[in-house]
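Quick notes on the structure that follows.
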Amino acid sequence: MSFTETCQRIVRDHHLSAAQKSHALALAAENALPYPELPPAVAEARVQGFLCDMFEGHAPYKPRYVLPDYEKFLSQGSAWLELAPPKDFDEALDALRILYHHVPSVTGMPVWLGRLDHLLLPFVRDLDDETLHRKLKGFWIYLDRVLPDAFMHVNIGPDDNRLCRLILRIDGELKQVAPNLTLFHNPAQTPDSLLMLAVQNIASCSKPHIANYPIHSNTFDQRGFGIVSCYNALPQAGGANTLVRISLKRVAEQAQGIDDFLGCLLPHYCRLASQLIEARAAFLHQESGFFDSFLVKEGLLDEDRFVPMFGIYGMAEAVNILMDKENLPDRYGHDEEANQLGYRISAQLSRHVTETSQVHAWGGRALLHSQGGLSVDRGVTPGVRIPYGQEPDPASHVLALAPHHGFYHSGISEILTLDPTIRQNPQALLQLCKGALAIGMREFTANVADSDLVRVTGYMIRKSDVARFATEGSRLQTTCLGAEASELTGIRQRAPRVVGREATLCDY
Amino acid sequence: MTTEYGSRAGAAARTATVSRWLPFSCVDGPGNRLVLFLQGCNFRCPGCHNPHTIGMCDHCGDCVPACPSGALTLVEGRVRWQAALCTDCDRCIDDCPRQASPKTSQMSVAEVLALLRRYGPLLTGITVSGGEATTQLPFVIALFTAIKAAPDLAHLSCLLDSNGSLAATGWQRLLPVLDGAMLDLKGWRDSVHHTLTGHGRERVLASLQLLASHGKLAELRLLHVPGRSDFLDADGKLEAGLASFLQSLGPVPIRLNGFRHHGVRGVATSWQEADREALTRLAAALSARGLGPVSLPAIC
Chain A
1 MSFTETCQRI
11 VRDHHLSAAQ
21 KSHALALAAE
31 NALPYPELPP
41 AVAEARVQGF
51 LCDMFEGHAP
61 YKPRYVLPDY
71 EKFLSQGSAW
81 LELAPPKDFD
91 EALDALRILY
101 HHVPSVTGMP
111 VWLGRLDHLL
121 LPFVRDLDDE
131 TLHRKLKGFW
141 IYLDRVLPDA
151 FMHVNIGPDD
161 NRLCRLILRI
171 DGELKQVAPN
181 LTLFHNPAQT
191 PDSLLMLAVQ
201 NIASCSKPHI
211 ANYPIHSNTF
221 DQRGFGIVSC
231 YNALPQAGGA
241 NTLVRISLKR
251 VAEQAQGIDD
261 FLGCLLPHYC
271 RLASQLIEAR
281 AAFLHQESGF
291 FDSFLVKEGL
301 LDEDRFVPMF
311 GIYGMAEAVN
321 ILMDKENLPD
331 RYGHDEEANQ
341 LGYRISAQLS
351 RHVTETSQVH
361 AWGGRALLHS
371 QGGLSVDRGV
381 TPGVRIPYGQ
391 EPDPASHVLA
401 LAPHHGFYHS
411 GISEILTLDP
421 TIRQNPQALL
431 QLCKGALAIG
441 MREFTANVAD
451 SDLVRVTGYM
461 IRKSDVARFA
471 TEGSRLQTTC
481 LGAEASELTG
491 IRQRAPRVVG
501 REATLCDY
Chain B
1001 MTTEYGSRAG
1011 AAARTATVSR
1021 WLPFSCVDGP
1031 GNRLVLFLQG
1041 CNFRCPGCHN
1051 PHTIGMCDHC
1061 GDCVPACPSG
1071 ALTLVEGRVR
1081 WQAALCTDCD
1091 RCIDDCPRQA
1101 SPKTSQMSVA
1111 EVLALLRRYG
1121 PLLTGITVSG
1131 GEATTQLPFV
1141 IALFTAIKAA
1151 PDLAHLSCLL
1161 DSNGSLAATG
1171 WQRLLPVLDG
1181 AMLDLKGWRD
1191 SVHHTLTGHG
1201 RERVLASLQL
1211 LASHGKLAEL
1221 RLLHVPGRSD
1231 FLDADGKLEA
1241 GLASFLQSLG
1251 PVPIRLNGFR
1261 HHGVRGVATS
1271 WQEADREALT
1281 RLAAALSARG
1291 LGPVSLPAIC
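If you're matching them up, the sequences are chains A and B in order. Everything in the first sequence is counted per my numbering, starting at 1 for the first residue and increasing by one. Everything in the second sequence is counted per my numbering, starting at 1001 for the first residue and increasing by one.
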């Protein structure tokens, strides 16, 4: 499709709001520009689908993810924005509302809103809980309606404080798509009573995510980190300049077998991915002028704190393809030999990333990332996850994937799907979460499935019965599908207003 | 160390016939629990949801020709099941004259301890269920004793899911290593209990009292079968005798289960299923007498 045709399609699209059209038109214009100059092998690997630049655009003029030092902003105000430092809670909320509009990212909206409880605690003073609840609830509604991006992320915890609890309460009451929410968990700081609040929210609205605070803290430095967008861990006062991902599935398809994959093809495509990262980061840092922004001049961002994310996806398919090529029966997520191959692949990726220097990178290296998928992905599973529908029980699921987590410093996530019966037993979810973090998972995310057929006390459901039910019980099937459909429809109805904007980037 | 079950090594080698085990359950007691379902039950409840766990295989071989995938063979007079070939069509169970399943395995105490170590960080405890777990009591005692004696496992709570048929002497042997038991009461009057379980109620009532007096009655389950249960009187109030019996137990969490057709075979497939409204009425009647807390099934 020509540039003009693409633009014609965008402006006539009845499903997009005017603002979304502006965004899509801007991206089309950017993509009409030539790509940063790439070595031929890198360009070829990109075209062939071995490498993917996440449809970030041909001319990266803004970093992928930006994590401003909001604490500094609240303490000093902004000369550029002509704002004095806020003096009370209302002024602090207003200041943040203003600054959020000036924080770009790949989606055009802020993907990180800061550690809100910590940012606002100094302004609480003698306000009582009900007053704070009213003010924060209004703020929460504002965020969802004005910055409708499901990737926009708030961080809270790990310590127990009034605002942390109030935010969890409000998030559970409103059940909005935005903002997304992560609770930092530190066994030394986070009481079970606080985690229990979070877990009860998970059971009702699949938020928050729980991040392993000690592990992330050790990965980053004194100036801290944030969890943004889809569970990306990045340096505070910096962010990610770019994210490039390798399709492990595509690479495995080309391999003769495990040795060829690990010894030859994977190292080759890793080198190409690093070159693609370098070219994209070079354009942003050297040509775009982004780092002349007031965000940098006023010290809210530091160019040296941006780091490239080296992403991978399709681990499950890669392992199963390689198992097939070796005539081995083991399956990813279920069998030890397949899982071990997965860990070897992760270890090799980690070695490549830590041994490959990057010019524009906090710490001089990219950070490995288990990439959570794009809406265009078909027949390939995000990151190192187990394919949807093939997951073992939640405990085996956690044990199979936890060994990967040590390698993926800029983020990795599994989505555990739990039976709705867990709603009656939040202690189980709490224990699963604490156990998963204790054995080294960086991030804990769970959804409660609205599937109908589950085990109830005293029943052992057997496959034959499930099958019998499926034929007789079309009512149940419909109920189940109906629930899913209404959920989907709910999302669809909101699509014109609240969307995961990363997902729409690749649609044109 | 020696016990009535012999040396520690001997206890670790003790085995049970296991119908199935699950590494993760949130419906068999508080928190996450590894669950062992032991094969064999001494009750004959027509409404059993897992009738294939009632009988013990006597290796008659009737199921072998019924298996369409060749997963069952008769080797030296014993039925052998190969899990890898099994498609779980359950024709073997349909053809079994004893309501047994050939798809059981022998698990030793040591094997269960290894599973607990593997899943330990994610678990709150273990629940031994069935079938009727106390029909393999020596195994249960050996297992719980070993868990309590292992420093890395001692934090796991040991719960039992039981029909309450065990005699007092059996409970006395189990109590020192038992953290709690969850018992069913399937009918109140003796005749109703008989109809719904094939056995009288006396043992069950005695077990409930004994466990409650030791603070080890973790949960009481009442099964409601429409038109057959007798927990409520004609006025819709809690039956007076049941009310005073339950009050005599002291505060005990009560879980209500409604009869469902799921898994049921035989005559009870024509019984009416319980609806949520009936369970809500029963819950209200219990609460009105100050009993509970009462919980309803997550799905019904």
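Every residue, glycine too, gets a C-beta built ideally from N, C-alpha and C.
Expressed to the nearest angstrom, what Euclidean distance is found between the alpha-carbon atoms of residue i and residue j?
i, j, result
"Gly-1236(B)", "Ala-1288(B)", "11 Å"
"Cys-7(A)", "Lys-21(A)", "9 Å"
"His-15(A)", "Ser-2(A)", "21 Å"
"Gly-1125(B)", "Tyr-1119(B)", "10 Å"
"Leu-1223(B)", "Gly-1047(B)", "10 Å"
"Pro-1068(B)", "Asp-1275(B)", "38 Å"
"Gln-520(A)", "Pro-426(A)", "For chain A, the structure presents residues 1 to 508; residue 520(A) sits outside this window and is missing."
"Ser-217(A)", "Cys-1158(B)", "37 Å"
"Pro-1051(B)", "Phe-1231(B)", "24 Å"
"Thr-445(A)", "Lys-297(A)", "37 Å"
"Gly-435(A)", "Ser-1025(B)", "15 Å"
"Pro-1138(B)", "Leu-1174(B)", "9 Å"
"Gln-390(A)", "Glu-443(A)", "21 Å"
"Ile-227(A)", "Ala-252(A)", "31 Å"
"Leu-1301(B)", "Gln-424(A)", "Limits of chain B in this structure are 1001 at one end and 1300 at the other, which puts residue 1301(B) out of reach."
"Leu-368(A)", "Ala-240(A)", "12 Å"
"Phe-291(A)", "Ala-449(A)", "44 Å"
"Glu-5(A)", "Tyr-35(A)", "20 Å"
"Val-319(A)", "Asp-393(A)", "20 Å"
"His-352(A)", "Ala-237(A)", "26 Å"
"Cys-1092(B)", "Ile-141(A)", "58 Å"
"Thr-356(A)", "Pro-86(A)", "43 Å"
"Asp-160(A)", "Asp-192(A)", "10 Å"
Using the rule of at least 16 other Cβ atoms within 10 Å of the residue's Cβ for burial, across every protein chain shown, is residue i buried or exposed?
i, result
"His-23(A)", "buried"
"Tyr-388(A)", "exposed"
"Thr-182(A)", "buried"
"Glu-37(A)", "exposed"
"Pro-208(A)", "buried"
"Gln-358(A)", "buried"
"Phe-294(A)", "exposed"
"Ser-375(A)", "exposed"
"Met-460(A)", "Note that Met-460(A) scores 27 on pLDDT, short of 50, meaning its location in the model is unreliable and no value can be drawn from it."
"Val-11(A)", "exposed"
"Gly-512(A)", "What the structure shows of chain A is the stretch from 1 to 508, and residue 512(A) is not part of that stretch, so it cannot be assessed."
"Thr-190(A)", "buried"
"Cys-264(A)", "exposed"
"Lys-463(A)", "Only weak support is given to the placement of Lys-463(A): the predicted model assigns it a pLDDT of 31, under 50, and the value that follows is read from those uncertain coordinates. By the neighbour-count rule (16 or more Cβ atoms within 10 Å), Lys-463(A) is not buried but exposed."
Would you grab the beta carbon distance between residue i and residue j for me? Rounded to a whole angstrom, and I think it's under 8 Å.
i, j, result
"Cys-1041(B)", "Gly-1164(B)", "Actually they are not in contact, since the Cβ atoms of Cys-1041(B) and Gly-1164(B) sit about 12 Å apart, beyond 8 Å."
"Val-1109(B)", "Ala-1154(B)", "Contact doesn't hold; Cβ gap of about 15 Å is too wide."
"Leu-1122(B)", "Val-398(A)", "6 Å"
"Leu-174(A)", "Leu-136(A)", "About 10 Å; that fails the 8 Å criterion."
"Gly-1187(B)", "Arg-1201(B)", "7 Å"
"Ala-233(A)", "Thr-242(A)", "The Cβ separation is near 16 Å, so there is no contact."
"His-1049(B)", "His-1262(B)", "6 Å"
Relative to the ligand FAD, is the shortest distance from any of its heavy atoms to the C-beta of residue i smaller than 7 Å?
i, result
"Phe-310(A)", "Among the ligands in the structure shown, none appear at all, so the ligand FAD cannot be discussed."
Just to confirm my understanding: we take residue i, look at its own chain, exclude 5 residues before and 5 after, and list those with CB closer than 7 Å. What are they?
i, result
"His-185(A)", "Gly-157, Pro-158, Leu-195, Ile-210, Ala-211, Asn-212, Tyr-213 and Leu-437"
"Ala-1071(B)", "Trp-1081, Gln-1082, Leu-1085 and Cys-1086"
"Thr-354(A)", "Arg-365"
"Arg-245(A)", "Cys-52, Met-54, Gly-311, Ile-312, Tyr-313 and Gln-371"
"Phe-1144(B)", "Cys-1158, Val-1177 and Leu-1178"
"Lys-72(A)", "Gly-299 and Leu-300"
Closer than 8 Å, CB to CB, is residue i near chain D or not?
i, result
"Gln-390(A)", "Structure shown: chain D not included; protein chains present are A and B."
CB-CB under 8 Å to residue i, same chain, minus the five flanking residues each way: which ones, in chain order?
i, result
"Gly-1170(B)", "Thr-1134 and Leu-1137"
"Val-1018(B)", "Leu-1036, Phe-1037, Leu-1038, Gln-1039, Thr-1104, Ser-1105, Gln-1106 and Met-1107"
Within a Cβ cutoff of 6 Å, which residues of the same chain sit near residue i, ignoring the five residues on either side of it in sequence?
i, result
"Pro-420(A)", "Val-448"
Check whether the region 56-75 of chain A and the region 378-391 of chain A are in contact - that is, three or more C-beta pairs closer than 8 Å. no
Within the chosen definition, does the region 243-263 of chain A reach the region 313-330 of chain A through at least 3 CB pairs nearer than 8 Å? yes
Are at least three pairs of beta-carbons, each pair with one atom in the region 1057-1066 of chain B and one in the region 1026-1035 of chain B, less than 8 Å apart? no
Sufficient close CB pairs (3 or more, under 8 Å) joining the region 333-349 of chain A to the region 278-297 of chain A: no
Counting beta carbon pairs with one atom in the region 103-122 of chain A and one in the region 139-150 of chain A, are three or more of them shorter than 8 Å? yes
Within 8 Å, do at least three Cβ pairs link the region 112-126 of chain A to the region 87-96 of chain A? yes
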